[in-house]
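S.K.:
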Amino acid sequence: MVPSLAEATPLELASRAVELAVARGAEQCDAIAFSHTESTVSIRLGDIEKLIEATSHSLGLRVIAGGRTAVCSTSDFTPAAFEQFVGETVELARISAPDQYAGLPEPEQLATGGGDSLQLYDERIESLPLDERIDMARACEAAALGFDPRITNSEGAGLTTRIGEVALANSRGFAASYPATSISLSTEALADDEDGKKRNAWWFSAERNLRSLMDPETIGRIAAQRAVDQLGARKTDTKRVPVIFEPMMAARLAGDVAGCATGGALYRGATILAGRPGEALGGPRGPRCVIDKAEPA
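Numbering-wise, the numbering used here comes out as the position in the sequence shown, counting from 1, plus 96.
(1) If we ignore side chains and look at the alpha-carbon of each, how far apart do Gly-162 and Leu-226 end up?
(2) Which ranges would you report for the beta strand (DSSP E) in the segment 221–298 if only whole runs of at least 3 residues count?
(3) Name the residue from Phe-181, Thr-257, Ala-119 and Phe-173 whose alpha carbon lies nearest to the alpha carbon of Thr-133.
(4) Check each candidate in Arg-158, Arg-304 and Ser-301 and name the one with the smallest Cα separation from Val-118.
(5) Based on the DSSP secondary-structure assignment, which residues constitute the bridge partners of Ile-78?
(6) Apart from the five residues on each side of it in sequence, which residues of its chain come closer than 7 Å, Cβ to Cβ, to Glu-179?
(7) Compute the distance between the beta-carbons of Leu-286 and Glu-251, then report whether it is under 8 Å.
(8) In the structure shown, what three-state DSSP assignment does Asp-333 receive?
(9) Around the C-beta of Ala-376, are 16 or more other C-beta atoms found within 10 angstroms, so that it is buried, or is it exposed?
(10) Which residue comes first and which comes last in the beta strand (DSSP E) that contains Val-167?
(11) Does the Cβ of Ala-265 lie closer than 7 Å to at least one heavy atom of the ligand MG?
(12) Rounded to whole angstroms, what is the Cα-Cα separation between Thr-367 and Glu-284?
(13) Measure from the alpha carbon of Pro-203 to the alpha carbon of each residue in Arg-246, Met-344, Asn-266 and Gly-365, then state which is nearest.
(14) Could you pull the start and end residues of the alpha helix (DSSP H) that Asp-203 belongs to?
(15) Counting only C-beta atoms, is Ala-127 closer than 8 Å to chain D at any point?
(16) Thinking Arg-229 and Val-137 are a contact (beta carbons under 8 Å), I'd like their distance in whole angstroms, please.
(17) Within a Cβ cutoff of 6 Å, which residues of the same chain sit near Leu-369, ignoring the five residues on either side of it in sequence?
(18) Any idea if Arg-322 is buried or exposed, counting beta-carbon neighbours within 10 angstroms, 16 or more meaning buried?
(19) Taking Cβ positions, are Leu-155 and Ala-113 nearer each other than 8 Å?
(20) Give the single residue among Gln-196, Ala-347, Gly-371 and Tyr-274 whose Cα lies nearest to the Cα of Leu-107.
(21) Decide if Gly-365 is buried, meaning its Cβ has at least 16 other Cβ atoms within 10 Å, or exposed.
(22) What's the C-alpha gap between Ala-347 and Ile-259?
(23) Can the beta-carbon of Arg-304 be found closer than 8 Å to that of Leu-216?
(24) In three-state DSSP terms, what is Asp-218?
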């Protein structure tokens, strides 16, 4: 038993939740626990605008009892509240609608070995000094402001790092965790055209490791270029023409389509794709999606 839940690691919390759920009658259960520290540096016109650091912990628990499922979450790890949370999740499962497909993977289907090959953690992000993070944000904004005389202002630049741990445990003996990091840098530039109209645009880079992050000056220049490219924009007549989506908009469109195909939306019938299995999207040369579970995030 964990001596103090307040000091427990995510893996200890997930394992404890599973232990309590089984003791209260869960036939199957699994728990996922998160802990992360997020630090943000915001710069505007060269000055530090915000320095924020926050740490959070959370846990999600899925309980299966009598072919019925309940999923709940908590961030209160005081012993009494934690035990009450687990007990209420078990009780909720008992009164939920039956689900014939509910169940955990078989033991032989569970992962073995570490997750190091996924490259989700970079110790350089965790040790990145505050002064260096401030300098990176300043360089990003400065590159945007110096790109073109028509760039007259900035909404600032921000750099965020996130360091955390994710743990998963279930009632079939699986219990493991992995560390994870991420870093992102962004800026937004404003440009003025001849009529005094302002156009704004932003750009960013977000990666799991510091080495892959786009350099600050490049991010700034891209943001400024995107703002300048909008100068002189005008409406066009209504017409039928081919449309080319720029990368950010194309990704957003793909995300909307993917959201329509989620299991939850299909189960509830809350999607235009419900009841249409096997239909082609986008014609014979429509979208093609490849998912590689071993590809680094």
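Yeah, the Cβ is synthetic: ideal placement off N, Cα and C, and Gly gets one too.
M.R.: Taking the coordinates as given:
(1) In the sequence shown, the residue the question calls residue 162 occupies position 66. In the sequence shown, the residue the question calls residue 226 occupies position 130. A direct Cα-to-Cα measurement between Gly-162 and Leu-226 gives close to 52 Å.
(2) Runs of the beta strand (DSSP E) lying entirely within the segment 221–298, each at least 3 residues long, are 247–266 and 271–288 in chain order.
(3) Within the sequence shown, residue 133 is the residue found at index 37, counting from 1. When each option's Cα is compared against that of Thr-133, the closest is Thr-257.
(4) On the sequence shown, position 22 is the one that residue 118 refers to. When only C-alpha atoms are compared, the closest one is Arg-158.
(5) The structure shown does not extend to residue 78, since the chain spans only 97 to 393, so no value can be given for it.
(6) Translated into positions along the sequence shown, residue 179 becomes position 83. Around Glu-179: Leu-116.
(7) Locating residue 286 in the sequence shown gives position 190, where the first residue counts as 1. Locating residue 251 in the sequence shown gives position 155, where the first residue counts as 1. Going by beta carbons, Leu-286 and Glu-251 fall inside the 8 Å limit.
(8) By 1-based counting over the sequence shown, the position of residue 333 is 237. Correct three-state label for Asp-333: coil.
(9) Indexing the sequence shown from 1 puts residue 376 at position 280. Exposed, by the Cβ-count rule.
(10) As a working note, residue 167 is residue 71 in the sequence shown. Where Val-167 is concerned, the enclosing beta strand (DSSP E) stretches over 164–170.
(11) In terms of ligand content, the structure shown is empty, and the ligand MG therefore cannot be addressed.
(12) Within the sequence shown, the letter at position 271 stands for residue 367. Within the sequence shown, the letter at position 188 stands for residue 284. Cα to Cα, the separation comes out at about 34 Å.
(13) The residue you call residue 203 lines up with position 107 of the sequence shown. Closest by alpha carbon: Asn-266.
(14) Looking up residue 203 in the sequence shown gives position 107. Note that residue 203 corresponds to Pro in the displayed sequence, not to Asp. For Pro-203, no alpha helix (DSSP H) run applies, since DSSP gives it neither H nor E.
(15) As a matter of chain content, chain D is missing from the structure shown, which is built from one protein chain.
(16) The sequence position of residue 229 within the sequence shown is 133, counting from 1. The sequence position of residue 137 within the sequence shown is 41, counting from 1. About 5 Å separates the two Cβ atoms, so the contact holds.
(17) One-based indexing of the sequence shown puts residue 369 at position 273. Around Leu-369, the same chain offers Cys-356 and Ala-357 as residues with beta carbons nearer than 6 Å, after the five sequence neighbours per side are excluded.
(18) In the sequence shown, residue 322 corresponds to position 226, counting from 1. Buried, since its Cβ has 16 or more Cβ neighbours within 10 Å.
(19) For the purposes of this step, residue 155 is taken as the residue at position 59 of the sequence shown. For the purposes of this step, residue 113 is taken as the residue at position 17 of the sequence shown. Yes. Within cutoff.
(20) Counting from 1 along the sequence shown, the entry for residue 107 is found at position 11. When each option's Cα is compared against that of Leu-107, the closest is Tyr-274.
(21) Along the sequence shown, read from residue 1 onward, the residue named residue 365 stands at position 269. Burial call: exposed.
(22) If you number the sequence shown from 1, residue 347 lands on position 251. If you number the sequence shown from 1, residue 259 lands on position 163. When the Cα atoms are used, Ala-347 and Ile-259 turn out to be separated by approximately 26 Å.
(23) As a working mapping, residue 304 is identified with position 208 in the sequence shown. As a working mapping, residue 216 is identified with position 120 in the sequence shown. Against a cut-off of 8 Å, the Cβ pair of Leu-216 and Arg-304 comes out as a contact.
(24) As a working note, residue 218 is residue 122 in the sequence shown. Looking at Asp-218 - three-state DSSP - the assignment turns out to be coil, as it is neither helix nor strand.
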